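According to our numbering, the sequence shown is numbered sequentially starting from 763.
Reviewing the structure listed below.
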Amino acid sequence: MIIYEPIMLAIPLAEEVKTHLIKTKRVPTEGELKKILEKLGLKPFCSDKKLHIYKGKHILVIVFLLKEYITVDILPLSGVLSDGIEVAVYHDKHLKAYIIEIIPANELGFEGNIGLEPVIVDADTFELKSTPVLGYFKEEGDEVFLIVEEDVYRIWKESGKLDICPICGAKNLVWKGKQAYCTSCGFGIKVMRYE
Ligand SMILES: [Zn+2]
């Protein structure tokens, strides 16, 4: 697990929170979120009542926790704050669903989600109602890949959006077998095969 820039934490974090939501049928508590962030390689830096700061080698993470509203702001330590990303987790009472969105921090009026689709989990049945393409990042040589599991790939394929990059949302993903490259963000995508 490597994190060079905010999106490389945002996607695995959304995946972990999604799994937690479906499994426990509630949003993570402060302690549970801490465990998730530590598992993803971050170290607690300092904290206040409602605000917790974590540090990685290349990123700084600010967590705001309200009862059913969590925002995780991920900032690059390079100082280019416009590259910041926010992961928002909330209970949408109107939609009767829990939502996990990945939003660029510099676009306050940004509608929707980076990449493909936000995570939408039904608040009654706790079933996944959207087809987000999430995974974790892996470095191979001088390339960085988003690794997605076979069943995620299957749902992605069924959604008919295989040409859209799940990392930056650009519509120019080029596939070569079970591997793809995005010419916009430079990341590769690999489908994990079960041996
Ligand atoms: Zn891309």
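From the three backbone atoms N, C-alpha and C, an ideal C-beta is built for every residue, glycine too.
Fair warning: this is a prediction, and the values are worked out from it, not measured in the lab.
Residue environment: L802 is assigned as buried (16 or more neighbouring CB atoms within 10 Å of its CB, all protein chains considered).
With fewer than 16 neighbouring CB atoms inside 10 Å of its own CB, H856 falls in the exposed class.
As summarised for the stretch 764-845, the continuous alpha helix (DSSP H) elements at least 4 residues long and confined to that stretch are 769-786 and 792-801, given in chain order.
Rounded to whole angstroms, T887 and V953 show a C-alpha spacing of 29 Å. Annotation: the continuous alpha helix (DSSP H) that includes I917 extends over E912 to E920. The stretch 799-818 and the stretch 779-791 do not touch, with fewer than 3 CB-CB distances between them shorter than 8 Å. For K900, the uninterrupted beta strand (DSSP E) run begins and ends at Y898 to E902, by DSSP. Pairwise C-beta distances place the stretch 899-908 in contact with the stretch 763-773, as three or more of them are shorter than 8 Å.
Counted as a single uninterrupted DSSP element, the stretch harbouring L924 is not any beta strand (DSSP E), since DSSP gives it neither H nor E.
Following the DSSP letters along the chain, one finds V895 in no beta strand (DSSP E), marked with neither H nor E.
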